[in-house]
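Colleague: Got a structure for you, questions after.
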């Protein structure tokens, strides 16, 4: 494990945050929602300048969404995964556009795929999908197979000799 | 009159101008086909920049719903006679994306396909072979997809509208999800 | 008598179309060989034109039709006045100024036609083509000026006649700077790289041709074919001493076209302002030097 | 998108600009993707990116497939260089499952990655040619790239999609005589490099067109999440192969070339110089590759479970950092996989800023100099 990662994890622990190293050069830190902007600004000020991605995980059993801000530090060769959990029934989050302008597109994407509303983001118009009316597609309760069968109707067609592929569900 | 038709078909079959529209990942095999290794210009096939100039619409691979809309515009802008080649298994039955929410399955429900090229992805030889096969079909006067499209326009239009102009959710909502724009 | 002349005129027009399309086919073949490819059949362009005329076409209005037809017909009219070897229909009327005037008419007709299609790409392409025309017409005018002064005549027939009697009497040898300037201007006239900004596919999706399809694209190709024939033909008459028969004439044309092709294959295209700047710097300077030498 | 009526008069302020579409059906764009340009005269006033034309919902599909089944799906995320997907995904899975990869397999992976990198760089040369109108460049470069694909076909059975990596190693060992053929190919490629220099990089008109276009400073590059050769061309010496060595890159000797001007030309030259380094790496791999097993056997792939946990694995691809954020909950299928495509930030966010006040001629040059590859952000 890199020394810089070890040091940073200790430092974050002193700030009353849950932090742990994940590998040689990366660590994760769980941040409460209110402190996200503060912690991200702090991380940016301490060298984690590059915003790599913003991902979302739908923990449907916990009824929570997890937002993962991935930051990279070129000087200390370290990577940070800053995680924020928000409730699933009230999917709202502050926009981090003021820290990284790049967040705008990532937030727009997550709004489209998970239905999370980012307060303060001026442009959350549809991005990748056209005229989407169903529940956001990357949520766990969205059934893509049922959607595909319903909309595109892959029916067996004797006249063309087309058979629907055999489906095996692994349990 | 039939001699004249044969003559035009002979020339049409030897001068396919292909629309340079990379709809999917199959477009990756087009540069080798166009350039020095396989050189499809030998057979009179050259890429064209706009649909007005093109004779062939090569649908290279899967089509997302958004692309399908643009593809239909493009197809309708082309001047007859025009032909559609379905490239790769994704245009035939959805391929590896058979359960994807954004990829159409059979292309010939939305556009009249004259020829399918199987494989994921088809090799350049297969593409060249398909041009040869299409030439045979055109010379025999059998590749009439564009006439089929005009004749069965209602059917094609209904299929297109079904996937592109949705007014209500496809699946029953399990619970009410609020989502502000 | 007039009827015979008319037939001759049609014959010359067909000849120029055939030679132009053949040149285009050879151009594709030669470019392919430079690019390590096999290349299409030499007669591919005849097949393409025939196919284009057998397609259904969509018109964008009267100006669109008129402009494209005017483009081809003005160039065909200009070809009739061009002395080519023993074929010289109007030996007393082959004024260079008139031929250049008709050529400009053709390009303006094309510009009018494609602009009326309403596609912004076509409009940008036309704007670029006309800007480029301004670029190469100026050095070419300087060259023509020196040829005029040198030969003391404006008739192509007389200019050709003045160069008779061997290689050393050609204007290419006598006016070397002017020839160089005209060569560079020819590159721009033919629309070969690095001066093909008008049709740049990667930027404006083939520019003026963007809305042309079917018969209209066929007219565009024919115009290009006649254009190649006419422009190289003028150069042969001005600098390579004309020819005694049509075969030698076409061979000389092809030599000029071949050089243009080789340059075309290894250069990318200029930006429009760089292209015009280049035209107004190098060839114009050469043209002016030549004119000064001739005048003094 | 609403089209504006063409017959509206120009006096209205709203119609001072006109719309121009770069893509999806346009020879200047790389792949199926679209920029809508609001043009004011010949200058670009505003840019809108319109992605999603290649969206297939990979992240959803991966949740429905087994850990090993996904290997057939993910190469399709980045078409010019599919191997980075497989390696990054396998590295993530191996880290979570605690699988030790044999040395030989690691060398084979490096060979595959570097070959794919050379192929992708040759492809980007063709992009330079296509954008500026130098059509001899695509014809030469893609012809040469095909020799690499031939070797791939011999090694893996696939020309474009190889599906060669497997958690724990690679699927097949290197066939006899393959390494000799590879070193012959490297000699050939090296002999071609001066010709490319003469045709493309020393070409005065190409330099005139690309120098000073799309200047990107080091601060902007870091701020906007731009990685890979584009970042290095701006003068930041950051290469994951050097900084956080994965596989056996720490045993290999190579340099990171520096251009550092930050314009389109230096981005092209950066790729050209890195190609030389890749050839150097491959030569060392051919010499150093040890004998031994090529794969750590994993038990029944249909019951292959990855312990719960999260990991972000990344690979330096020809376009930048290609990352896989993998979340497992101990099931036979991934719980969530997020794919970080290297073109995302440049193509969807930075483009809108960079293209403002640019001329239409520079747009394809800019797109190809940033090597924007739409499938990796559409997913």
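Protein chains in written order, with the working numbering: chain C, 1 to 171; chain V, 1001 to 1181; chain H, 2001 to 2296; chain Y, 3001 to 3379. The C-beta atom is built at its ideal place from N, Cα and C for all residues, glycine as well.
I want to verify the contact list: residues of chain Y whose CB lies under 7 Å from the CB of residue 55 of chain C, in sequence order.
Modeller: Under the 7 Å cutoff, chain Y gives 3325, 3338.
Colleague: Tell me whether residue 2286 of chain H is buried or exposed, calling it buried when 16 or more other Cβ atoms sit within 10 Å of its Cβ.
Modeller: Counting Cβ neighbours within 10 Å, residue 2286 of chain H comes out buried, since at least 16 surround it.
Colleague: Counting along the chain, where does the beta strand (DSSP E) carrying residue 2018 of chain H start and finish?
Modeller: From DSSP, residue 2018 of chain H is part of no beta strand (DSSP E) but of the alpha helix (DSSP H) over 2002-2034.
Colleague: Against residue 2265 of chain H, what residues of chain Y qualify as contacts under a CB-to-CB distance less than 7 Å, listed in chain order?
Modeller: Per Cβ cutoff of 7 Å: 3136.
Colleague: What would DSSP say about residue 2192 of chain H, mapped onto helix, strand or coil?
Modeller: Looking at residue 2192 of chain H - three-state DSSP - the assignment turns out to be coil, as it is neither helix nor strand.
Colleague: The alpha helix (DSSP H) that contains residue 3229 of chain Y, what's its start and end?
Modeller: Start and end: 3229-3233.
Colleague: Quick one: does residue 3072 of chain Y have its CB under 8 Å from some CB of chain V?
Modeller: Output row for residue 3072 of chain Y: interface = yes.
Colleague: For residue 111 of chain C, which three-state DSSP category applies?
Modeller: Looking at residue 111 of chain C - three-state DSSP - the assignment turns out to be helix.
Colleague: Taking residue 3109 of chain Y as the query, report the chain H residues whose CB atoms sit under 7 Å from its CB, ordered along the chain.
Modeller: The premise fails here: residue 3109 of chain Y is roughly 32 Å from chain H at the closest Cβ pair, so nothing lies under 7 Å.
Colleague: Would you list the residues sitting across from residue 70 of chain C in a DSSP beta bridge?
Modeller: Residue 70 of chain C is bridged to C/53, C/81.
Colleague: Rounded to a whole number of angstroms, what is the C-alpha to C-alpha distance between residue 3114 of chain Y and residue 3125 of chain Y?
Modeller: Rounded to whole angstroms, residue 3114 of chain Y to residue 3125 of chain Y spans 17 Å at the Cα level.
Colleague: Let me see if you follow: with CB-CB separation under 8 Å, is residue 2248 of chain H close to chain V or not?
Modeller: It does not: the Cβ of residue 2248 of chain H has no partner Cβ on chain V nearer than 8 Å.
Colleague: Hey, does residue 143 of chain C have any beta-carbon neighbour from chain V nearer than 8 Å?
Modeller: Output row for residue 143 of chain C: interface = yes.
Colleague: Tell me, which residues are paired with residue 31 of chain C by DSSP?
Modeller: Answer is C/84.
Colleague: Can you give me the C-alpha to C-alpha distance between residue 2278 of chain H and residue 3369 of chain Y, rounded to a whole angstrom?
Modeller: Taking the straight line joining both Cα atoms gives about 25 Å.
Colleague: Which chain V residues are close to residue 87 of chain C, counting only those with a beta carbon under 7 Å from its beta carbon?
Modeller: Those within 7 Å of residue 87 of chain C in chain V number zero; the least Cβ separation is about 13 Å.
Colleague: May I ask you to list, following chain order, the residues of the stretch 2031-2042 of chain H that have a beta carbon less than 7 Å from some beta carbon of chain Y?
Modeller: Of all residues in the stretch 2031-2042 of chain H, 2034, 2035, 2036, 2037 have a Cβ within less than 7 Å of some Cβ in chain Y.
Colleague: Spatial neighbours of residue 2072 of chain H within its chain, please: C-beta separation below 8 Å, excluding the five flanking residues on both sides.
Modeller: The residues are 2106, 2219, 2222, 2223, 2226.
Colleague: How would you label residue 1114 of chain V, buried or exposed, when you count the other beta carbons within 10 angstroms and need 16 or more for buried?
Modeller: Buried, because 16 or more other Cβ atoms sit within 10 Å of the Cβ of residue 1114 of chain V.
Colleague: At the 8 Å Cβ level, is residue 1088 of chain V part of the contact set with chain Y, yes or no?
Modeller: Answer no: the Cβ-Cβ gap between residue 1088 of chain V and chain Y never drops below 8 Å.
Colleague: Consider the Cβ of residue 1105 of chain V: report whether some Cβ of chain C lies at a distance smaller than 8 Å.
Modeller: Yes, because at least one Cβ of chain C sits closer than 8 Å to the Cβ of residue 1105 of chain V.
Colleague: Using the three-state DSSP reduction, which class does residue 3044 of chain Y fall into: helix, strand or coil?
Modeller: Residue 3044 of chain Y: strand per DSSP, three-state reduction.
Colleague: Measure the C-alpha to C-alpha separation of residue 2088 of chain H and residue 2082 of chain H and round it to an integer number of angstroms.
Modeller: About 7 Å.
Colleague: Please give the ranges of any alpha helix (DSSP H) in the stretch 2152-2214 of chain H, keeping only runs that are unbroken, at least 4 residues long and fully inside the region.
Modeller: Counting only runs of 4 or more, we get 2156-2162, 2171-2174, 2176-2189, 2201-2204.
Colleague: Hey, does residue 2115 of chain H have any beta-carbon neighbour from chain V nearer than 8 Å?
Modeller: No, residue 2115 of chain H does not count as interfacial toward chain V.
Colleague: Looking at chain H, is there any beta carbon in it that lies within less than 8 Å of the beta carbon of residue 3133 of chain Y?
Modeller: It does: the Cβ of residue 3133 of chain Y has a partner Cβ on chain H nearer than 8 Å.
Colleague: When you compare the stretch 2250-2262 of chain H with the stretch 2111-2123 of chain H, are there three or more beta-carbon pairs, one atom per stretch, that lie closer than 8 Å?
Modeller: Counting Cβ pairs under 8 Å, fewer than three are found: no touch.
Colleague: Please confirm if the stretch 2201-2210 of chain H is in contact with the stretch 2145-2159 of chain H, defined as three or more CB-CB distances below 8 Å between the two stretches.
Modeller: No, the stretch 2201-2210 of chain H does not touch the stretch 2145-2159 of chain H.
Colleague: What separation, rounded to the nearest whole angstrom, lies between the Cα atoms of residue 2179 of chain H and residue 2149 of chain H?
Modeller: For residue 2179 of chain H and residue 2149 of chain H, the distance between alpha carbons rounds to 15 Å.
Colleague: Whose CA, out of H/2085, H/2079, H/2124, lies closest to the CA of residue 2103 of chain H?
Modeller: For residue 2103 of chain H, the nearest C-alpha among the options comes from H/2079.
Colleague: Just checking: is the beta-carbon of residue 3126 of chain Y within a distance shorter than 8 Å of some beta-carbon in chain V?
Modeller: Answer yes: the Cβ-Cβ gap between residue 3126 of chain Y and chain V drops below 8 Å somewhere.
Colleague: Please confirm if the stretch 3324-3340 of chain Y is in contact with the stretch 3087-3102 of chain Y, defined as three or more CB-CB distances below 8 Å between the two stretches.
Modeller: At 8 Å Cβ cutoff, the stretches touch.
Colleague: Considering only their Cβ atoms, is the gap separating residue 1116 of chain V from residue 1092 of chain V smaller than 8 Å?
Modeller: Yes; because the gap between Cβ atoms is below 8 Å, this pair is in contact.
Colleague: In three-state terms, what does DSSP make of residue 20 of chain C?
Modeller: Looking at residue 20 of chain C - three-state DSSP - the assignment turns out to be strand.
Colleague: Just grab the DSSP bridge partners of residue 1098 of chain V for me.
Modeller: Its beta-bridge partners do not exist; DSSP assigns none.
Colleague: Measuring only between beta-carbons, confirm whether residue 2057 of chain H sits less than 8 Å from chain V.
Modeller: It does: the Cβ of residue 2057 of chain H has a partner Cβ on chain V nearer than 8 Å.
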